[in-house]
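**Student:**
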Amino acid sequence: MLAALSVELRKLNRSLAAVLAVAAPSLIAIFAFFNLLRADKAPPWAMFLQASTGIWAYFMLPMSVTALTALVAHMEHGPRSWDHLRALPVPRWRLYAAKAVCVIGIVVIMTALNLVLTFGAMSLAGTIKPAVAPIGDPDLSRLALLNAKVVAAALLLIAIQFWTAVRFSSFVPALALGIGGTFFSVVATSAKEGVFFPWQMPVNMLAREAWRIDTALALGGGLGLVALIAAIAHLARREVL
Amino acid sequence: MSVAIETEGLSRRFGPRLAVDGVAMTVPERAVYGFLGRNGAGKTTTLKMVLGLIRPTFGAARVCGLDVARDRIGAARKVGALLEAHGFYGNLTGRENLALTATLLGCPTREIDRVLEVVEMRPDAGRKVAGYSLGMRQRLGLARAMLGAPPVLVLDEPTNGLDPDGIADMRRFLKSLPERTGATVLLSSHLLGEIEQTATHVGVVNDGRLVLEGELSRLKADLAPEIVLRTGDDARSAALLRGHGLNVRVADSLTVALDLGDAVDPAVAGLTALLVEAAVPVFAIGPRARSLEDIYRRVAVPTVRQAEAA
Chain F
1 MLAALSVELR KLNRSLAAVL AVAAPSLIAI FAFFNLLRAD KAPPWAMFLQ ASTGIWAYFM
61 LPMSVTALTA LVAHMEHGPR SWDHLRALPV PRWRLYAAKA VCVIGIVVIM TALNLVLTFG
121 AMSLAGTIKP AVAPIGDPDL SRLALLNAKV VAAALLLIAI QFWTAVRFSS FVPALALGIG
181 GTFFSVVATS AKEGVFFPWQ MPVNMLAREA WRIDTALALG GGLGLVALIA AIAHLARREV
241 L
Chain V
242 MSVAIETEGL SRRFGPRLAV DGVAMTVPER AVYGFLGRNG AGKTTTLKMV LGLIRPTFGA
302 ARVCGLDVAR DRIGAARKVG ALLEAHGFYG NLTGRENLAL TATLLGCPTR EIDRVLEVVE
362 MRPDAGRKVA GYSLGMRQRL GLARAMLGAP PVLVLDEPTN GLDPDGIADM RRFLKSLPER
422 TGATVLLSSH LLGEIEQTAT HVGVVNDGRL VLEGELSRLK ADLAPEIVLR TGDDARSAAL
482 LRGHGLNVRV ADSLTVALDL GDAVDPAVAG LTALLVEAAV PVFAIGPRAR SLEDIYRRVA
542 VPTVRQAEAA
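In the order they appear, the protein sequences are chains F and V. Numbered per this note's numbering, the first sequence spans residues 1 to 241. Numbered per this note's numbering, the second sequence spans residues 242 to 551.
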């Protein structure tokens, strides 16, 4: 498994994955920076950082997963390298699992970067305009736990996007699915039914009602893990014609 | 005779279409086996089943005695493959591409240098594959297939898209492979000339069926001999020879088909005597060298044409 992971990382290292990993959270940080500069009074740290997590969870995370899974899949679809990889004396599930692990790993890094970059952007805005320098305790441990739950709840949408991107050699089905899912996540963010909608499960980690958090986490994380294993098993078993 | 690849009743159905129909192929060890057939005849589907990339509907494929369906990984350890789609990462160098496969195979780094040396690609190994010519990609593909020195190489249309020099290089290279590396080579092609100059054994697939297989030299020897003549009057010569009950064909040249087992020299002498007696000038006469094309034309007739003929 380590060999397959090492190969995936070397391929990703020479792709534009790093640009994507930095660009998406940077956009939220830039938005937070200018938004804070427009403010009249100093907001609490927790409010802005949680808002940043919210934007990440309902919009930027699903979009990033869509782009990232498409990128990882097209590293093989583009040069038509599946036949070569699948003919090697390596259990096929490892090839797909390595890709899935890389996607999850990058999502974790992007989620952490979102927090770090937003923190940095707010600090910078506070330095430039001391009147809006955030106040209070940022409570980073609580935010870290919240972000960890966001990533865990995103497992189901990652599994769905990953399977679609790898299953279809055209990027259109995966993009259409990702854009559609994100669209409904944005326009119906507060819908109670959203707790059952994979693209809204991450943002439900910020809900006030405990049942919504628990349900979205159980479905997104638990069912997501099962779905990811099933997706890998199916991809490894199916024939690529 | 040890066998490197063996298939038994190998069949594959895609919906209503039987793409491969009961192929029983035997590739002896250290042979260069040319797998011939028209485009769409079932060559690539057969190779994909040998490589375990697709499952047979019926039948089995064995590589070095290992059943591909039961022990895909064990069989895959014995095979290096060059497929029609190379699957190289254009943003990586040739060496980096090889290194990825070497890592998955668990090969040491020196193995990369060895295979680069074999295909004479060391000077270009540091360049990105996106800048490679098709010929260089084919050679890099061969190098990748040889990583770990597998005893069997499966090459799908290895001369596809190559220029004449590239084809000649590839031909020389493939011909020398069994001697240099001890490997068995199974190569598919629709180019008769290439197979004829490279292969020691051939298998002809037609509409999914293996219609002929064997050692090339023996298959040629098994063909009935033909004598080609150049005379002062081909029409008169043809009529004269037909009058003696001979099977005469007049196309580009005047050709007399003998029966299987007929000795060529006495036939040449007899034909010459007949024509000279009839005062027909004979400029040249001799046996026609039998080619793979002669063998192929006899067996590879599309089903549609067979049906029409019936």
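Glycine included, every Cβ here is placed at the ideal spot set by N, Cα and C.
1. Fully enclosed by the stretch 307–336 of chain V, which beta strand (DSSP E) runs are 3 residues long or longer?
2. Verify whether the separation of the beta carbon atoms of V:VAL291 and V:PHE329 is less than 8 Å.
3. Consider the Cβ of V:GLY293: report whether some Cβ of chain F lies at a distance smaller than 8 Å.
4. Determine the extent of the beta strand (DSSP E) in which F:THR53 is found, giving its start and end residues.
5. Determine the closest residue to V:LEU482 out of V:ASP493, V:LEU499, V:LEU464, with distance taken between C-alpha atoms.
6. Can you tell me where the beta strand (DSSP E) with V:PRO528 in it begins and where it stops?
7. Can you find a CB in chain F that lies within less than 8 Å of the CB of V:GLY347?
8. Between the C-alpha atoms of F:LEU225 and F:LEU155, what's the straight-line distance to the nearest angstrom?
9. When Cβ atoms are compared, which residues of the stretch 3–29 of chain F fall closer than 9 Å to chain V?
10. Using CA atoms only, rank isn't needed, just tell me which of F:LEU16, F:VAL90, F:LEU113 is closest to V:CYS348.
11. Just tell me which of F:THR164, F:PHE184, F:GLN200, F:PHE183 has its CA closest to the CA of F:LEU228.
12. Please name the residue in V:PRO297, V:LEU388, V:ARG311, V:LEU323 whose C-alpha comes closest to that of V:THR342.
13. Helix, strand or coil, according to DSSP, for F:ARG14 in the structure here?
14. Quick one: which unbroken alpha helix (DSSP H) runs of 4-plus residues sit fully inside the stretch 155–211 of chain F? Chain order, please.
15. Starting from the beta carbon of V:TYR330, find every residue of chain F whose beta carbon is closer than 8 Å, and list them in chain order.
16. Report all residues from its chain with a CB closer than 7 Å to the CB of F:ILE55; omit the five preceding and five following residues, and keep chain order.
17. Buried or exposed for V:ALA551, going by 16 or more other Cβ atoms inside 10 Å?
18. Which residues, in chain order, does the stretch 304–316 of chain V contribute to contact with chain F at a C-beta distance below 9 Å?
19. Output needed for V:GLU454: all residues of its chain with C-beta closer than 6 Å, excluding positions within five of it in sequence on either side, in chain order.
20. Using the Cβ count rule (16 or more neighbours within 10 Å means buried), how would you classify F:PRO134?
21. If you draw a straight line from the alpha carbon of V:VAL545 to that of V:ALA260, how long is it in whole angstroms?
22. Over the uninterrupted alpha helix (DSSP H) stretch that includes V:ILE408, give me the two end residues.
**Tutor:** In short, the structure shows the following:
1. Whole beta strand (DSSP E) segments, 3+ residues: 320–323.
2. No, they are not a contact pair.
3. At least one chain F Cβ lies under 8 Å of V:GLY293.
4. Counting along the chain, F:THR53 falls outside any beta strand (DSSP E), though it belongs to the alpha helix (DSSP H) covering 45–55.
5. The shortest Cα separation from V:LEU482 among V:ASP493, V:LEU499, V:LEU464 belongs to V:LEU499.
6. Where V:PRO528 is concerned, the enclosing beta strand (DSSP E) stretches over 523–528.
7. Output row for V:GLY347: interface = yes.
8. Computed Cα separation, rounded: 6 Å.
9. So the list reads ALA3, ALA4, SER6, VAL7, ARG10, LYS11, ARG14, SER15, given in the order they occur along the chain.
10. Of F:LEU16, F:VAL90, F:LEU113, the residue nearest in Cα terms is F:VAL90.
11. The shortest C-alpha separation from F:LEU228 is found at F:THR164.
12. Minimum Cα-Cα distance from V:THR342 among the listed residues V:PRO297, V:LEU388, V:ARG311, V:LEU323 corresponds to V:LEU388.
13. Annotated three-state conformation of F:ARG14 is coil, per DSSP.
14. For the alpha helix (DSSP H) assignment, the uninterrupted runs of no fewer than 4 residues enclosed by the stretch 155–211 of chain F are, from N- to C-terminal side, 155–167, 172–187.
15. In chain order: LYS11, ARG14, MET75, PRO79, SER81.
16. Short of 7 Å from the beta carbon of F:ILE55, and not among the five residues preceding or following it, lie these beta carbons of its own chain, in chain order: ILE28.
17. Here V:ALA551 scores only 48 on pLDDT, less than 50, and its place in the model should not be relied on; the value that follows carries that caveat. By the neighbour-count rule (16 or more Cβ atoms within 10 Å), V:ALA551 is not buried but exposed.
18. Taking a C-beta cut-off of 9 Å against chain F, the contacting residues of the stretch 304–316 of chain V are ARG313, ILE314, GLY315, ALA316, listed in chain order.
19. Excluding sequence positions up to five before and after V:GLU454, its CB lies within less than 6 Å of the CB of GLY444, all in the same chain and listed in chain order.
20. Buried.
21. Confidence at V:VAL545 is low in this model, with a pLDDT of 49, below 50, so the placement of that residue should be treated as unreliable; the coordinate-derived value is given next. Taking the CA atoms as reference points, V:VAL545 sits about 15 Å from V:ALA260.
22. For V:ILE408, the enclosing alpha helix (DSSP H) starts and ends at 405–422.
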